[in-house]
Amino acid sequence: NNSLDDDAGPLPNLFDWKYKRLFSYVPRKPEDAPMGDVGIPRVLNMYENYPLWFTIFNELGFRVILSQRSSRTVYEKGLETIPSESVCYPGKISHGHVVSLIQRGVKFIFYPCAPYEKKEDTGAGDHYNCPIVTSYPEVLKNNVDELRQDPSILYMNPFLPIDDKDRLAERMCEELMPKFPQLKKAQIVEAVEKAWAEQEKFKEDVQKAGEDALEEIITKGGTGVVLAGRPYHLDPEINHGIPEMINGLGLAVLSEDSVAHLGKIERPLRIIDQWVYHNRLYRAAQFVSEMPNLELVQLTSFGCGLDAVTADQVDEILRAKSRMYTLIKIDEGSNLGAVRIRIRSLIAAVKERRRNKTRGTVQSSAYHRVVFTEDMKKDY
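Residues 1209 to 1588 in my numbering are what the sequence shown lists, from first letter to last.
Okay, structure coming up:
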């Protein structure tokens, strides 16, 4: 028996719920879209910001065309335009999404660069997006041949401040009005206002779903796994069905952003805390470390240099409370044999702890660095 909780019944899978919630927006019909079509690739930070961009363009009268669901076929469409073999799979597959929009005859593609994400934790040093999220639209512009060679395609990838509503409205006016003279400033400002509210509502819905799932786990006496990664690990082609596999083993599956708001980091951390997606991982880990009915499994993509650092930090946060840390690295390979063994091992270890009623030591995960001083020179 590989299940932890025999009588818990089917437990929530927030990866499945969140994917459906995120892409549930219904676009305008062609006859109801005076501004024509706008293509948005279903990639990277669109798994975070799609509600914002959909609402802006929908309000302005565009029909929003989202690229198709990720699949191996979509990946292969963009294969020959990928300049670096060492970039993460979420980066590589974005080439295929842009090519698939072009093949569908979309003549206006919008995929902005976003250096910053909205700050969620006042204790964090900064609120950057990772370098791939920040700048990959530039890589696509320079490597997908059709974008350069076909003058009938308008590909817009401006750098936009999605952490500042007023400035975002100004920048959207600067970018859109020269290309679409029929749009007025007041229209764009109002669209950004509505979109900002919708983006906030999406985040609140995810957090509410997390709280509801926790309540269900506690009520049923079940166990949950916080499958902590980046927003784009929500993509079934990128996570290869790991959430469903964990769910099938009798565990609830929660996303990092559904519980991160419930965790408070014990500072100082050993790393420089300046990336929004990473900060979520640390807050989620802190929350899990204090919840006996939750375990944490971290998903990272091969080729993600930044996650080499987050993995160690998440491990330290959990270890301080004598909790287990499980890391799963994923790329384009979809064989889940090793992952299944890893999850079963985690379940066995949790069962063993419960049977033995093991109580580990609990200490602060704050890291206090020894600073080398002038006095130390004498006898160091």
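For glycine and all other residues, C-beta sits at the position ideal for the given N, C-alpha and C. None of these values were measured; they are calculated from a predicted model.
Spatial neighbours of residue i within its chain, please: CB distance less than 6 Å, with the 5 preceding and 5 following residues excluded, ordered by chain position.
| i | result |
| --- | --- |
| Val1295 | Gly1511 |
| Asn1221 | Pro1451, Asn1455 and Val1461 |
| Glu1267 | Ala1399 and Lys1402 |
| Leu1348 | Val1306 |
| Arg1280 | none |
| Leu1391 | Leu1384 and Met1385 |
List the DSSP bridge partners of residue i.
| i | result |
| --- | --- |
| Ile1446 | According to DSSP, Ile1446 bridges with nothing at all. |
| Asp1245 | Arg1271 |
| Ala1405 | Paired residues: none, contrary to the question. |
| Gly1511 | Gly1511 is not bridged to any residue. |
| Gly1429 | Partner(s): none; Gly1429 has no beta bridge. |
| Cys1321 | Phe1367 |
| Trp1225 | Beta-bridge pairing links Trp1225 to no other residue. |
| Trp1261 | Per DSSP, none; premise fails for Trp1261. |
| Gln1506 | Ala1436 and Leu1535 |
| Phe1316 | Leu1362 |
| Ser1463 | Leu1435 |
| Tyr1336 | Tyr1324 and Trp1483 |
CB-CB under 7 Å to residue i, same chain, minus the five flanking residues each way: which ones, in chain order?
| i | result |
| --- | --- |
| Tyr1575 | Pro1476, Leu1477 and Arg1478 |
| Ile1480 | Gly1333 |
| Asp1523 | Tyr1533 |
| Asn1365 | Tyr1319, Pro1320, Cys1321, Pro1345, Glu1346 and Lys1349 |
| His1469 | Gln1415 |
| Met1243 | Leu1268, Gly1269, Phe1270 and Phe1388 |
| Ser1542 | His1448 |
| Arg1550 | Thr1534 and Ile1536 |
| Ser1530 | Gly1568, Thr1569 and Val1570 |
With 16 as the cutoff for other CB atoms within 10 Å, does residue i come out buried or exposed?
| i | result |
| --- | --- |
| Ser1573 | buried |
| Arg1567 | exposed |
| Phe1318 | buried |
| Leu1287 | exposed |
| Gly1447 | The question names Gly, but residue 1447 in the sequence shown is Asn. Flag for Asn1447 reads buried. |
| Tyr1588 | exposed |
| Asn1257 | buried |
| Asn1564 | exposed |
| Asp1515 | buried |
| Asp1353 | exposed |
| Val1579 | exposed |
| Asp1443 | buried |
| Asn1253 | buried |
| Ser1292 | exposed |
| Arg1438 | buried |
| Arg1312 | exposed |
| Val1282 | buried |
| Arg1552 | exposed |
| Lys1586 | exposed |
| Ala1394 | exposed |
| Val1496 | buried |
| Glu1445 | buried |
| Ser1509 | buried |
| Gly1458 | buried |
| Val1314 | buried |
| Arg1562 | exposed |
| Pro1500 | exposed |
| Thr1581 | exposed |
Since residue i and residue j are thought to touch, with beta carbons under 8 Å apart, how far apart are those beta carbons, to the nearest angstrom?
| i | j | result |
| --- | --- | --- |
| Leu1502 | Val1434 | 6 Å |
| Asp1240 | Phe1316 | Rounded, the Cβ-Cβ distance is 17 Å, inconsistent with contact. |
| Ala1519 | Leu1535 | 6 Å |
| Leu1544 | Gly1449 | 7 Å |
| Ile1301 | Ser1278 | 6 Å |
| Thr1263 | Glu1406 | 4 Å |
| Ala1493 | Ile1538 | Contact doesn't hold; Cβ gap of about 19 Å is too wide. |
| Leu1504 | Ala1556 | Wrong, their Cβ atoms sit about 17 Å apart, outside the cutoff. |
| Asp1593 | Tyr1324 | Limits of the chain in this structure are 1209 at one end and 1588 at the other, which puts residue 1593 out of reach. |
| Tyr1428 | Gly1217 | In the sequence on display, residue 1428 carries Lys and not Tyr. Yes, Lys1428 and Gly1217 are in contact; Cβ-Cβ is about 6 Å, under 8 Å. |
| Ile1425 | Leu1219 | 7 Å |
Within the present structure, is the beta-carbon of residue i separated from the nearest heavy atom of the ligand MN by less than 7 Å?
| i | result |
| --- | --- |
| Glu1524 | This structure simply doesn't include the ligand MN, nor any ligand for that matter. |
Just to confirm my understanding: we take residue i, look at its own chain, exclude 5 residues before and 5 after, and list those with CB closer than 8 Å. What are they?
| i | result |
| --- | --- |
| Lys1482 | Residue identity differs from the one stated: residue 1482 is Gln in this sequence, not Lys. Here the set comprises Ala1332, Gly1333, Asp1334, His1335 and Tyr1336. |
| Ile1410 | According to the sequence provided, residue 1410 is Phe. The question's Ile does not apply to it. So the list reads Arg1229, Leu1230 and Pro1259, once near-sequence residues are dropped. |
| Val1397 | Ala1377 and Cys1381 |
| Arg1356 | Lys1349 and Asn1350 |
| Glu1412 | none |
Establish whether the CB of residue i and some CB of chain B are separated by less than 8 Å.
| i | result |
| --- | --- |
| Val1282 | The displayed structure is made up of one protein chain only, and chain B is not part of it. |
Quick one: any contact between the segment 1296 to 1315 and the segment 1238 to 1257, if contact means 3 or more CB pairs under 8 Å?
-> Under the 8 Å Cβ criterion, the segment 1296 to 1315 counts as touching the segment 1238 to 1257, having at least three qualifying pairs.
Count the CB pairs spanning the segment 1464 to 1472 and the segment 1409 to 1429 that are closer than 8 Å, and state whether there are at least three.
-> For the pair of segments examined, the segment 1464 to 1472 was found to touch the segment 1409 to 1429: the number of CB pairs separated by less than 8 Å reaches three.
On the three-pair Cβ rule with 8 Å, is the segment 1321 to 1331 touching the segment 1480 to 1489?
-> The segment 1321 to 1331 is in contact with the segment 1480 to 1489.
Spell out a yes or no on whether the segment 1255 to 1273 and the segment 1227 to 1241 are touching, meaning 3 or more CB-CB pairs, one atom from each, closer than 8 Å.
-> Short answer: they touch.
Count the C-beta pairs between the segment 1334 to 1353 and the segment 1374 to 1393 that are closer than 8 Å, then say yes if the count reaches three, no if not.
-> Inter-segment contact for the segment 1334 to 1353 and the segment 1374 to 1393 is absent: fewer than three beta-carbon pairs are separated by less than 8 Å.
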